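Undergrad:
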Amino acid sequence: MSILRAEIIAKIRKGIREGIPRTRLYNELRAVGPVTRKTTFLADYRNVAGVERVEGALRFVRKDRYPTEKTMAAVTWETSKEYMYKVKVQSVLRIGEPITERFVNIMSDVPMTPAMIETEVKERWGEWEKYTAEEITGLQVWSAVRKVME
Numbered sequence: 002m003s004i005l006r007a008e009i010i011a012k013i014r015k016g017i018r019e020g021i022p023r024t025r026l027y028n029e030l031r032a033v034g035p036v037t038r039k040t041t042f043l044a045d046y047r048n049v050a051g052v053e054r055v056e057g058a059l060r061f062v063r064k065d066r067y068p069t070e071k072t073m074a075a076v077t078w079e080t081s082k083e084y085m086y087k088v089k090v091q092s093v094l095r096i097g098e099p100i101t102e103r104f105v106n107i108m109s110d111v112p113m114t115p116a117m118i119e120t121e122v123k124e125r126w127g128e129w130e131k132y133t134a135e136e137i138t139g140l141q142v143w144s145a146v147r148k149v150m151e
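Read left to right, the sequence shown gives residues 2 to 151 (my numbering).
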């Protein structure tokens, strides 16, 4: 039975966090079932490793500064726009209820500062139909990804 690529990426993320070398991880996955080609697996591994390396780094960038290449992960994924920003949103349905934390993604063709990203989330929050009743109590820009050509 074949392992889906999304499952492979999830296992790569887990393997990176546990410190498993990529060749050993590939061989373990191959023992379970057919895996993607090794070159595709290694490209996915590099992408996930880059994202894990800069996860949460955008929290420490000043709100009026653009993120640098060190704080952005360069990936070869097919995304609709060049930049993808991950934002941690804290919201409540009604006052007095517990705070809900979730991550939302903002796509953009131009680089954005953390202040611009927060403004974009606030503007779009009412447009997203599943979040209309919720009130934002806190925002934190978490990480950034930039699509590059292979």
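Glycine included, C-beta positions come from ideal geometry on N, C-alpha and C.
All of these numbers come straight from a predicted model, not from anything done at the bench.
Between P115 and the rest of its own chain, which residues show a CB-CB distance below 7 Å, the 5 nearest in sequence each way excluded?
TA: Here residue 115 refers to the residue found at position 114 of the sequence shown. Closer than 7 Å at the Cβ level, and outside the excluded window around P115, lie L59, V62, K64, V142.
Undergrad: Grouping DSSP H, G and I as helix and E and B as strand, with all else coil, what is I96?
TA: Position 95 of the sequence shown, counted from the start, is the residue given in the question as residue 96. Of the three classes helix, strand and coil, the one that applies to I96 here is coil, per DSSP.
Undergrad: Please return the same chain residues whose Cβ sits closer than 8 Å to the Cβ of S81, not counting the five positions on each side in sequence.
TA: For the purposes of this step, residue 81 is taken as residue 80 along the sequence shown, with counting starting at 1. Here the set comprises M108.
Undergrad: At which residue ranges does the segment 41 to 97 contain complete beta strand (DSSP E) runs of 3 or more residues, listed in the order of the chain?
TA: Segments of the beta strand (DSSP E) lying fully in the segment 41 to 97: 73 to 76, 84 to 93.
Undergrad: On the three-state DSSP scale, how would you describe I21?
TA: In the sequence shown, residue 21 corresponds to position 20, counting from 1. I21 falls in the coil class under three-state DSSP.
Undergrad: Apart from the five residues just before and just after M2, which ones in its own chain have a Cβ nearer than 7 Å to its Cβ?
TA: Here the question's residue 2 lines up with position 1 in the sequence shown. Because M2 carries a pLDDT of 38, less than 50, the predicted location of this residue cannot be relied on, and the following value inherits that uncertainty. Same-chain partners within the cutoff: G34.
Undergrad: Is F104 near the ligand NAD, with its Cβ less than 7 Å from a heavy atom?
TA: Absent from the structure shown: the ligand NAD. Ligands present: none.
Undergrad: Do the segment 94 to 112 and the segment 27 to 47 touch if we need at least three Cβ pairs shorter than 8 Å?
TA: The answer is no - the segment 27 to 47 does not touch the segment 94 to 112, with fewer than three Cβ pairs under 8 Å.
Undergrad: DSSP puts V146 in a beta bridge; with which residues?
TA: Position 145 of the sequence shown, counted from the first residue, corresponds to residue 146. Answer is A74, M85.
Undergrad: For K15 and E8, what's the separation of their Cα atoms in angstroms?
TA: Position 14 of the sequence shown, counted from the first residue, corresponds to residue 15. Position 7 of the sequence shown, counted from the first residue, corresponds to residue 8. For K15 and E8, the distance between alpha carbons rounds to 11 Å.
Undergrad: Quick check on this structure: which residue in R38, N28, Y86, A32 has the alpha carbon closest to the alpha carbon of V52?
TA: Residue 52 sits at position 51 when you count from the first residue of the sequence shown. Out of R38, N28, Y86, A32, Y86 has the C-alpha closest to the C-alpha of V52.
Undergrad: Can you look up R103 in the DSSP assignment and give me helix, strand or coil?
TA: Position 102 of the sequence shown, counted from the start, is the residue given in the question as residue 103. Looking at R103 - three-state DSSP - the assignment turns out to be strand.
Undergrad: Between K148 and A74, what straight-line distance do the alpha-carbon atoms span, to the nearest angstrom?
TA: Start at 1 with the first residue of the sequence shown, and residue 148 comes out as number 147. Start at 1 with the first residue of the sequence shown, and residue 74 comes out as number 73. Each residue's alpha carbon lies about 8 Å from the other.
Undergrad: In the DSSP assignment, find the unbroken alpha helix (DSSP H) run with A134 in it and report its ends.
TA: Sequence index remark: in the sequence shown, residue 134 carries index 133 (1-based). Element bounds for A134: n/a, residue is neither H nor E.
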